[in-house]
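Residue numbers (my numbering): 1 to 286.
Note that the Cβ used here is the ideal one computed from N, Cα and C, for glycine as well.
Only a predicted model underlies this, so the values are computations on that prediction, with no experimental measurement involved.
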């Protein structure tokens with residue numbers, strides 16, 4: 001029973017994490033600055049938040065820890081760059097190819113075997129995302145779209161390497177990754193500085209949208225499978241248009257509403273089925 005409660009807690013933390021992540025698109029678009037400068041400044045602030053939370057980081061320089069850090073740095077840098085070079089909708093949609101990559105990587109790295117139901121859930125969610133962005137998807141910004149796909153691969157590897165550290169502290173990978181991203185973005189921060197008002201958004205991006213969200217994610221990933229850690233947060237792209245609607249009054253179209261219904265229904269049914277089974281379709285979290 002305690003394991004079930006721990007799993008439910010992890011799932012709830014994933015939902016909260018997705019809510020915080022969903023704020024990134026609107027906030028990043030609002031900052032007029034070089035993409036690498038935004039990524040670096042956001043990560044520098046987030047690293048301070050995470051360091052304050054950890055107190056004494058457990059840096060062991062193991063290969064999953066360093067690989068996770070590199071995957072994290074790639075994820076945040078590529079996503080910010082993609083958001084600047086293409087639409088926020090494109091960046092999020094193409095990044096969320098991650099669940100498919102995780103299905104394959106989870107089998108190779110974690111011995112977490114996907115069932116038929118898992119595959120159906122992945123396909124249904126991705127189908128819902130295509131509907132959701134049917135009115136918005138633009139292929140003109142080819143470079144931005146390619147970078148968004150690469151950010152999805154980085155995110156998938158990040159999930160895998162954090163999950164490999166489930167018995168220790170995966171948050172250190174995020175800390176080191178933020179330091180890497182800050183160092184990469186540092187030279188671009190001095191080209192010019194954004195106006196003071198923009199720093200409010202940057203500070204929020206670093207403290208809440210990135211720092212706090214990954215603290216919660218590092219806790220959650222210990223109690224869920226890699227596929228759950230990639231599939232449950234797909235509510236993030238559903239919430240993005242909500243923030244746009246609240247900020248500028250843009251109303252989602254019928255395809256967006258249909259896609260939202262497909263995604264939510266798929267995730268809920270998949271989650272309920274997995275929790276009714278005595279044995280999960282992937283290796284049970286330990």
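Leaving aside the five residues that flank residue 209 on each side, the residues in its chain whose CB is nearer than 6 Å to its CB run, in chain order, 20, 23, 24. For the pair residue 205 and residue 167, the Cα-to-Cα distance works out to about 29 Å. Counted as a single uninterrupted DSSP element, the alpha helix (DSSP H) harbouring residue 201 occupies residues 198-204.
DSSP places residue 188 in the uninterrupted alpha helix (DSSP H) bounded by 171-189.
Bounds of the alpha helix (DSSP H) holding residue 3 are 2-21.
As the crow flies, the alpha-carbon of residue 145 is around 20 Å from that of residue 158. The Cβ atoms of residue 68 and residue 161 lie closer than 8 Å to each other.
Under the three-state reduction of DSSP, residue 254 is assigned to helix.
Within a 10 Å sphere around the beta-carbon of residue 47 sit 16 or more other beta-carbons, which makes this residue buried. Note on geometry: alpha-carbon atoms of residue 185 and residue 37 lie some 5 Å from one another. Of the candidates 258, 175, 233, 255, 233 places its Cα closest to the Cα of residue 97. In the three-state reduction of the DSSP assignment, residue 83 falls in the helix class. Judged by DSSP in its simplified three-state form, residue 90 adopts helix.
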